[in-house]
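Numbering-wise (the numbering used here), the sequence shown opens with residue -14 and increments by one.
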Amino acid sequence: MFLRLSRVIPLLALLSAMPAMTFAQYLQKLHDIDSTQDWGWNVFIQPDNNYFINGLSVGSASINRWSIFNLQVTSDGNTILHKNFFHFDTANLFCGPPGGMLKLSDGYISTFSKQTIYGSYSRSASGLIKYNFIGDTLFSKTYTDTSIYFDNMHCCAVVPSGGFVLGGARGLNTISNYPAFIVRTNDFADTLWTQTYQKYFTEWAVINNIIPLEDGRFVAGAMSTHVADAGPPGHINYYHNSPWFLLLDHNGNVVRDTIYTSLFLNGVNPCGTLYKDNSGGYIHIGNYDSVYHNDPDDVKSFPSYIAHLDTNFRITWITSFSYTNEAGRRQSIALHQLSDSSYLLFGDTYKDHLPFSSGWAARISRTGEIIWSNDYHSDNHNDSYFRGAAQRADGSLVIVGASYNDTLSTWHRLMDMWIVGIDSNGCETMSCALAAPPGLPQGDEVLLYPNPTSGSFTIACPDDGVAELYNMQGQHVAHYAVKKGNTEISLPKNLAAGVYVCRYVPANGGVPVVVRVVYEP
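Listed below in structure tokens is the structure:
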């Protein structure tokens, strides 16, 4: 197996004065609605360009338990059009993990878990809920006898032949009875069959994603967990979560499975998360660490990664985001594939200094190169995170999550939904820029597209000048004369695929500009 590790390459993200790039100037909002604590979980673009958002809500004057909310927000982020709650007075409701909600032709579906209390024990029933486009509940179904089980549902998918398939975990009261759990339903969410799965009988497992195939089979991304000794000096026992990938027949029976026991996660996001890749194969995200690190709770121990798998679950490339004192440790929560088939990875960062966490997003090319990686943090907000994302027609992005603060009196229980708009370069404002590669100057007002490029691109610049192409080792590759406005540039023949730097020098003596170029022939 060929394993390629990529590191974060610093780059200068450049913006133009195109209207699409102004989107993020005004869309960064924190919503305090009905004095509730709202956690943004998923976001979708409606046909009228407004946003449909769902998530978790904790406590209000009329709702004293966890509930699921959905709301519509105008495209500028300023106005809430509708807000609906889905709740029970006798139970706590939880959404499936971020990314578990799906948009259908006639509304949305999402998994949920209904937690009830029996004496000193809690029981949870797994379920499916369907909304129309304005957020009204069309139906909900649960699949658990809570006198016996406590289940959690993590994902759902639409089956091409009709109906839905849901995945999660099923539990009893012993560790050996925590198998992964799948429910297959018809179009009305009525049960057709159920299956449970355990890689090792003494461990527990959970289904994180299910991908229905056109031939009636299913691919599932799962996590298999065991307790491990972190080794000397402390011999601390903690959970190791191994990515586990399964190919299932149309009745849910295992045809083939692969487990990676050398990639471990210790965090709130389950490992084994798997997405279908529009370019072929699958994309897997997670965090991994060293088993024998002296301190398994140290935030430096868990680099985030994104990996591409072929249809046999073999890793073809893997890219990691290592710990830095400034950025901290990134946590991969969910992934959204963009219109050019690149990947938007998002979640949060953890640091050992204030702010302890920030929203984090990164864009990765189809071959695993990091195009940009940014943290997002509002002033005076001590902790923030991202959980859902969507791409607008102009290429800009909107991301939702939550942000904490203990200084704003209008906030209830210190946290509320956060909605952030960024452009396709990951920037919130027209002046946004990341650090340039060492030894190269910084600047602005240049656009290069398409990027990634398959051999030629257009450079849009404010004046005549020259463009110099360098590889990431600083070696000169090519020289171009460019004109004010748009100039088309062809890359040299026989150029190796990879990441390059284009350095634009204006003829009027202005500030040079550096643009990172991803070449994918």
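The beta-carbon is built from N, C-alpha and C at its ideal position, and this holds for glycine as well.
- Per DSSP, Ile133 lies in no beta strand (DSSP E) segment and is marked neither H nor E.
- Nearest in C-alpha terms to Asp130, of all of Ser111, Asp449, Cys140 and Gly148, is Ser111.
- With contacts defined by Cβ atoms closer than 8 Å, Gly25 and Trp403 form a contacting pair.
- Residue pairing of Tyr36 in beta bridges, as defined by DSSP: Ile30 and Val58.
- Distance from the Cα of Phe203 is smallest, within the candidate group Pro164, Cys256, Ala142 and Arg488, for Ala142.
- When C-alpha distances from Ala466 are compared across Ala482, Pro477, Tyr485 and Pro491, the shortest belongs to Pro491.
- Put simply, the backbone Cα of Asn39 is about 28 Å away from that of Ala292.
- Residue environment analysis places Gln460 among the exposed positions, since fewer than 16 neighbouring C-beta atoms fall within 10 angstroms of its C-beta.
- For Lys184, the CB contacts under 7 Å within the same chain, skipping 5 residues up- and downstream, are Ala190, Ser209, Trp229 and Ile244 in chain order.
- If only uninterrupted beta strand (DSSP E) runs of at least 3 residues are considered, those enclosed by the stretch 324 to 349 are 328 to 335 and 342 to 349.
- One thing to note: Ile318 has its Cβ within 8 Å of the Cβ of Phe331.
- Inter-residue distance for Phe371 and Gly344 is about 5 Å (C-alpha atoms, whole angstroms).
- In this structure, Ile192 lies near Ala165, with their beta-carbon atoms less than 8 Å apart.
- For Thr246, the closest of Lys99, Pro32 and Gly257 by C-alpha to C-alpha distance is Gly257.
- Assigned with DSSP and collapsed to three states, Thr187 falls in coil, not helix or strand.
- For Ala374, the enclosing beta strand (DSSP E) stretches over residues Asp368 to Gln376.
- Selection Leu113, Ile167 and Leu56 evaluated against Ser125 yields Leu113 as nearest (Cα-Cα).
- Rounded to the nearest whole angstrom, the CA to CA distance from Ile65 to Ala375 is 18 Å.
- Boundaries of the beta strand (DSSP E) around Arg488: Gly483 to Pro491.
- When secondary structure is reduced to three states using DSSP, His72 falls in the coil class, being assigned neither helix nor strand.
- Residue state for Pro228 is assigned as strand, using DSSP reduced to three classes.
- Distance between Gly450 and Pro288, taken at the CA atoms: about 41 Å.
- In the DSSP assignment, the residues bridged to Gln100 are Asn77 and Ser109.
- The alpha-carbon separation between Ile407 and Val383 amounts to approximately 6 Å.
- When C-alpha distances from Gly120 are compared across Ile349, Asn69 and Asn272, the shortest belongs to Asn69.
- In the displayed model, His269 falls within a strand according to three-state DSSP.
- Taking the C-beta atoms as reference points, Thr75 is found nearer than 8 Å to Thr101.
- Leu320 sits away from Tyr361, with the two beta carbons spaced by 8 Å or more.
- As the crow flies, the alpha-carbon of Asp200 is around 9 Å from that of Pro145.
- Non-local C-beta neighbours of Lys88 in its own chain, meaning closer than 6 Å and more than five positions away in sequence, comprise Phe29, ordered along the chain.
- Around the beta carbon of Asn55, 16 or more other beta carbons lie within 10 angstroms, which makes this residue buried.
- In this structure, the straight-line span from the alpha carbon of Val385 to that of Ser369 is close to 10 Å.
- Between Ser109 and Ser98, the CB-CB gap stays under 8 Å.
- Burial state of Asp337 is exposed, judged by a 10 Å Cβ sphere holding fewer than 16 other Cβ atoms.
- Relative to the Cα of Ser350, the nearest Cα in the group Pro83, Ser264, Leu198 and Ala481 belongs to Ser264.
- Scanning its chain for C-beta atoms nearer than 7 Å, with the 5 sequence neighbours on each side dropped, one finds around Pro477 the residues Val462 and Ala463, in chain order.
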